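Worksheet: the structure to be examined is printed underneath.
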Amino acid sequence: MVEFYKTIDGRVTELSGFTEGCWVNMVHPSSDELEEIARVARVEEEFIRAALDPEESSRVETEDDQLLMIVDIPMVEKSSVEDGGQMFSTLPMGIVVGQNAVITVCLDDSIILRSIAEGAVKGVHTAMRTRFVFQILLRVAGRFLKNLRMIERDFTRIEKRLYDSLKNEELIQLLGLSKSLVYFSASLKGNEVTMEKVLRGRVLKLYEDDRDILEDALIEIRQAIEMAGIYSSILSGTMDAYASVVSNNLNIIMKVLTVLTIIMTIPNIIFGFYGMNIEGGRIPGDFVWWIPLAISVGGCFFAWYMLKKKNLD
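Take the sequence shown: its letters are residues 1241 to 1553, numbered as in the numbering used here.
If you want it as structure tokens, here you go:
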């Protein structure tokens, strides 16, 4: 899919085709679309194609007055069927700055670019290529922060149910959040390095106002890195505590079963003794049967008292 946008009268407007100073948004483009955009925008096709590799790392590259910047963006991977919890991953997005247009390329449609296309971001001028690129980077950083807060809310909700449940569902959800944080941490650090390289001004000419936007994006990226690290530490500690709680609950259950086994063994021993040592298995007399019963009950209470005294009940 290929879309064309341009700022007209202060508003981002969709166009029917390519024009000077426009923004080209490409989502999972075909080979023919790649060739066509590379031709009309006069940019290297390899630059546009680079972001279509899902394993591509964040980087910045220049060649013949063209700039390629690849940054990782957060994506919602899937939702939990039962409680609506979300898992997150990252996906590379390519930003190609040519002489007459800005091109964004991604394998999937992104809410970041969609919000810009729908006019949710103020002050967007597609013809001001440097500023427009930095505004995209600022939106990327903001989306990371927003998704990290969503992870924190999911974690809090799962934690409330965690210690009252012995099921694997909550643990699996925590593992999913942990996996999301690992992806975020790696991607954020890569994006930080890329933005710092751009901020030095060696790969792209910087204007003072544009520099402020990029610095704001870097600040938010660093905040996101710190948040991801804190959440990862808390999540790891919670999972360790959960493992300890499960182990302790299992020990309590085993202790109760052991105590019950010991107490219930006493009547078996006593009645077994009478059964093997009395001829015909019958005690003489009409009411003498209560003697082994009383001994059994007394033995059970004595065993319970001794175990309680040792704090084993």
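Backbone N, C-alpha and C fix where the C-beta goes; we use that ideal spot for every residue, glycine too. All values reported here derive from a predicted model rather than from experimental measurement.
Closest Cα partner of residue i within the set the options
i	options	result
residue 1479	1295, 1267, 1463, 1396	1396
residue 1387	1430, 1329, 1310	1329
residue 1483	1264, 1411, 1436, 1292	1411
residue 1312	1263, 1427, 1356	1427
residue 1349	1317, 1284, 1339	1317
residue 1435	1265, 1455, 1389, 1249	1455
residue 1422	1306, 1501, 1337, 1314	1314
residue 1327	1418, 1495, 1493	1418
residue 1381	1409, 1370, 1371, 1424	1424
residue 1565	1307, 1292, 1446, 1485	It is not possible to answer for residue 1565, since the shown part of the chain is limited to 1241 through 1553.
residue 1347	1269, 1494, 1501, 1277	1269
Under 8 Å between C-beta atoms of residue i and residue j
i	j	result
residue 1453	residue 1384	no
residue 1420	residue 1391	yes
residue 1243	residue 1254	yes
residue 1252	residue 1352	no
residue 1284	residue 1303	yes
residue 1267	residue 1241	yes
residue 1370	residue 1450	yes
residue 1277	residue 1264	yes
Opposing strand residues paired with residue i [DSSP bridges]
i	result
residue 1334	1310, 1345
residue 1434	Residue 1434 is not bridged to any residue.
residue 1328	1316
residue 1386	In the DSSP output, where bridge partners are listed per residue, residue 1386 has none listed.
residue 1245	1254, 1263
residue 1299	1310
Presumed contact (8 Å Cβ cut-off) between residue i and residue j, rounded CB distance
i	j	result
residue 1475	residue 1414	6 Å
residue 1361	residue 1379	7 Å
residue 1281	residue 1338	5 Å
residue 1300	residue 1437	5 Å
Mind the definition here: the region 1328–1345 touches the region 1287–1296 only if three or more C-beta pairs lie below 8 Å; say whether that holds.
yes
Per the contact definition of three or more C-beta pairs closer than 8 Å, is the region 1331–1341 in contact with the region 1457–1474?
no
Does the region 1483–1500 come into contact with the region 1436–1452, if we say contact requires no fewer than three beta-carbon pairs (one atom in each stretch) closer than 8 Å?
no
Looking at C-beta atoms only, is the number of pairs between the region 1459–1466 and the region 1350–1370 that lie closer than 8 Å three or more?
Touching, no.
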